[in-house]
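Step one of this worksheet: look at the structure below.
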Amino acid sequence: MKRRIYSWKTSRIGIDLGGTKILGALVDEAGNVVTSLQLPTFSDKEASQKELLSSIISIINQLIKSAKKEGQTPQGIGIASAGIIDQGTRTIRYAQSLGVKDFSIGKQLEDIFQIPVRLCNDTDAAAMAKWQKNNNNSDSFMYVSVGTGIGAGIMKEGVLLQGAGEIGHMTVNREGGICPCGNRGCLKHYASGPAMEEKVRTGHGRYAEMTMPEIIERAENGDTWCQDVLKEGAHYLGLALVNAVHLLHIKEIALGGGVLQEGEFFLKQVQTYVHRYTMPFMAEGLTVKRSPFKAEIGAVGAACIMR
Numbered sequence: 000m001k002r003r004i005y006s007w008k009t010s011r012i013g014i015d016l017g018g019t020k021i022l023g024a025l026v027d028e029a030g031n032v033v034t035s036l037q038l039p040t041f042s043d044k045e046a047s048q049k050e051l052l053s054s055i056i057s058i059i060n061q062l063i064k065s066a067k068k069e070g071q072t073p074q075g076i077g078i079a080s081a082g083i084i085d086q087g088t089r090t091i092r093y094a095q096s097l098g099v100k101d102f103s104i105g106k107q108l109e110d111i112f113q114i115p116v117r118l119c120n121d122t123d124a125a126a127m128a129k130w131q132k133n134n135n136n137s138d139s140f141m142y143v144s145v146g147t148g149i150g151a152g153i154m155k156e157g158v159l160l161q162g163a164g165e166i167g168h169m170t171v172n173r174e175g176g177i178c179p180c181g182n183r184g185c186l187k188h189y190a191s192g193p194a195m196e197e198k199v200r201t202g203h204g205r206y207a208e209m210t211m212p213e214i215i216e217r218a219e220n221g222d223t224w225c226q227d228v229l230k231e232g233a234h235y236l237g238l239a240l241v242n243a244v245h246l247l248h249i250k251e252i253a254l255g256g257g258v259l260q261e262g263e264f265f266l267k268q269v270q271t272y273v274h275r276y277t278m279p280f281m282a283e284g285l286t287v288k289r290s291p292f293k294a295e296i297g298a299v300g301a302a303c304i305m306r
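Under numbering that gives the first Met the number 0, the residue at position 243 of the sequence shown is numbered 242, and the numbers go up by one with no gaps.
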């Protein structure tokens, strides 16, 4: 097999810190993934920031070893994290899916590895990666990740609107339950993977321990209860996306994250809702599609932000 040729002018490490896994990648100058690896975010629900930091350090050390085998020394580390990010202090101010507050991850990693570290929101990073992979041909779009939580990265006229995509905490039901963020009726409590799993499990019996991949598969095969739950979640997500289109006047929405990796039922419900309820002149030319990029998109974006 012919060995792939990488663009080795510089290399960087990108880390995507999510609610269920930490994914790290060694990325070349052109944004290609040379090698990647992942660990579970937590070994248990009560894990501390110290344990989280330890896992990240382990991944970075392994990626540095991989780089050295290629004769490379990574020029920086980019961290993409869910939650509210303070880029100035490189601190995760609040990430519900990680269970952390005021986590000064950037400074701690820079002190340990003695190379520059930047911190960004995970969906901002994914949007940056999409922009680079498309050779900057699409200047205004929104990348939306639906998984453990829901977030968005927004590119408007070639400018990344950093920190502006907390769509998972957009109120979609003013009579809804209280979110740990302090808001009421947040989108993530209706359209995220855990929210839809919880709703399906109220069906009891065979549904009592059903996971999201099983729910998606059953919906594809005609299970009406799973279809009803996915349809409700898709409509709440569609409502948020319509509001975003009306606010931002964007023409492209790329959908990613674990919930949208497989199956067509949920995706088609979202597409139908958005096109039905978007104002006609704003709906002209509007596309809502599954993102073609792989799971490494957040880590690649984090590495790209190090430029």
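Glycine residues also receive a C-beta, built at the ideal position from the N, C-alpha and C atoms.
Here the structure is a predicted model, which is why all the values come from computation and not from measurement.
Beta-bridge pairing of residue i - partner residues as DSSP gives them
i, result
"Glu251", "Thr286"
"Asn120", "Ser80"
"Ser35", "Ala24"
"Ile149", "Val145"
"Lys155", "Val158"
"Asp85", "Thr90"
"Ile111", "According to DSSP, Ile111 bridges with nothing at all."
"Arg183", "Ile177"
"Thr170", "Cys185"
Chain-order list of residues whose beta-carbon lies under 8 Å from that of residue i (same chain, five-residue window excluded)
i, result
"Asn182", "His168 and Thr170"
"Gly284", "Lys250"
"Ile111", "Ile56"
"Gly175", "Arg183, Gly184, Cys185, His188 and Tyr189"
"Thr277", "Val241, Val244, His245 and Leu285"
"Gln37", "Lys20, Ile21, Leu22, Gly23 and Ile58"
"Glu263", "Glu219"
Residue nearest to residue i in terms of C-alpha spacing, selected from the options
i, options, result
"Gln321", "Leu240, Ala218, Asp15 and Gln107", "Nothing in the structure corresponds to residue 321, since the chain is present only between 0 and 306."
"Glu261", "Val241, Ala128 and Lys288", "Lys288"
"Leu259", "Gly105, Gly157, Gln61 and Ile149", "Ile149"
"Ile12", "Leu62, Asn220, Ser53 and Tyr206", "Leu62"
"Lys129", "Glu263, Ser53 and Leu159", "Leu159"
"Ile83", "Pro193, Ala163 and Ala207", "Ala163"
"Gly157", "Phe41, Met141, Asn220 and Gln113", "Met141"
"Gly30", "Lys132, Ile104 and Gly98", "Lys132"
"Arg275", "His234, Glu263, Gly17 and Arg306", "His234"
"Gly146", "Ala81, Pro179 and Thr88", "Ala81"
"Gly87", "Ile14, Thr201 and Ile104", "Ile104"
6 Å Cβ shell around residue i - same chain, five flanking residues per side excluded
i, result
"Val228", "Met195, Lys198 and Val199"
"Thr34", "Leu25 and Ser65"
"Asp138", "Glu156 and Gly157"
"Tyr93", "Gly82, Ile83 and Lys100"
Unbroken alpha helix (DSSP H) run spanning residue i, endpoints
i, result
"Tyr142", "Looking at the DSSP string, Tyr142 is not in any alpha helix (DSSP H); the run it does join, the beta strand (DSSP E), is Phe140 to Val145."
"Asp222", "Neither: Asp222 is in no alpha helix (DSSP H) and is coded neither H nor E."
"Leu52", "Gln48 to Lys68"
"Ile304", "Ile296 to Ile304"
"Arg200", "Gly192 to Arg200"
"Tyr276", "Phe264 to Tyr276"
Start and end residues, beta strand (DSSP E) containing residue i
i, result
"Tyr93", "Thr90 to Ala94"
"Lys100", "Val99 to Phe102"
"Arg11", "Ser10 to Leu16"
Neighbourhood of residue i by C-beta distance below 7 Å, restricted to the same chain and skipping five residues each side
i, result
"Ile304", "Gly77, Arg117, Cys119, Ala124 and Met127"
"Phe102", "Gln48, Thr90 and Ile91"
"Pro193", "Thr147"
Segment contact, 8 Å Cβ cut-off, at least three pairs: the segment 185-196 with the segment 54-62: In this structure the segment 185-196 does not touch the segment 54-62; the number of beta carbon pairs closer than 8 Å is below three.
Given 8 Å, three or more beta-carbon pairs between the segment 240-256 and the segment 264-282: Result yes; three or more Cβ-Cβ pairs closer than 8 Å.
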